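Per the working numbering, the very first residue in the sequence shown carries number 203; after that it's consecutive.
Don't be surprised by glycine CBs; every beta carbon is placed ideally from N, CA and C.
Nothing here was measured: the structure is a model prediction, and the numbers come from that model.
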Amino acid sequence: MPLRYAPASHWLSVIVLAAFAPPAASLPANPPPLLLFLADDTSSLGDWTPDPVKLPFGLKCLAREVNSLGLAFGLWVEPEMVNVKSELYRRHPDWALQVKGRPRNEGRNQLVLDFANVEVVHYITETLCSLLASAPISAIKWDMNRHLSEVFSPA
Numbered sequence: 203m204p205l206r207y208a209p210a211s212h213w214l215s216v217i218v219l220a221a222f223a224p225p226a227a228s229l230p231a232n233p234p235p236l237l238l239f240l241a242d243d244t245s246s247l248g249d250w251t252p253d254p255v256k257l258p259f260g261l262k263c264l265a266r267e268v269n270s271l272g273l274a275f276g277l278w279v280e281p282e283m284v285n286v287k288s289e290l291y292r293r294h295p296d297w298a299l300q301v302k303g304r305p306r307n308e309g310r311n312q313l314v315l316d317f318a319n320v321e322v323v324h325y326i327t328e329t330l331c332s333l334l335a336s337a338p339i340s341a342i343k344w345d346m347n348r349h350l351s352e353v354f355s356p357a
């Protein structure tokens, strides 16, 4: 299992889980002092549900296993973005910001969701609330690191 260690700040060390299963068993024998184990699945922006292939025992099991190591469990999310290969994009391509008659610009294989659209806001709110209630999640790292290239909303 590939793990990346990245110091997020002078007081917090973060392990980013790039591919799940089995998570805690892959920690090094003498890890650096950690406060937080942060899970990041960059492959499916837009589908904010645990992947049963990567997490066959579920997010709750992973979080509890991390907690048993004395670490807080957190998620790294970017809910304003959608990957064009995601189920969300397949169902709602019109939810991405776009200017009619112009091609969309993908940045890092993603598009920006249209938060002026009340359906998008409801979907993201319900999805994230459900996800956060599904496991003992102590922290969220919310990224927003893509430029806005199509700043038009039909909503």
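Which residues in the same chain have their Cβ closer than 8 Å to the Cβ of Phe338, if we skip the five residues on either side of it in sequence? The amino acid at residue 338 is misidentified as Phe; the sequence shows Pro. Same-chain partners within the cutoff: Lys262, Ala265, Arg266, Asn269 and Phe275.
So Asn285 is in the beta strand (DSSP E); what residue range does that whole segment cover? Met283 to Asn285
To which residues of the same chain is Gln300 closer than 6 Å at the C-beta, ignoring the five residues directly before and after it? Arg306 and Glu352
Using C-beta distances below 7 Å, list every residue in its chain close to Ser340, excluding the 5 sequence neighbours before and after it, in chain order. Ala274, Phe275 and Gly276
Going by beta carbon distance, what residues of the same chain come within less than 7 Å of Pro254, once the five residues before and after it are set aside? none
Among all the DSSP beta bridges, which residues are the ones paired with Val279? Trp344
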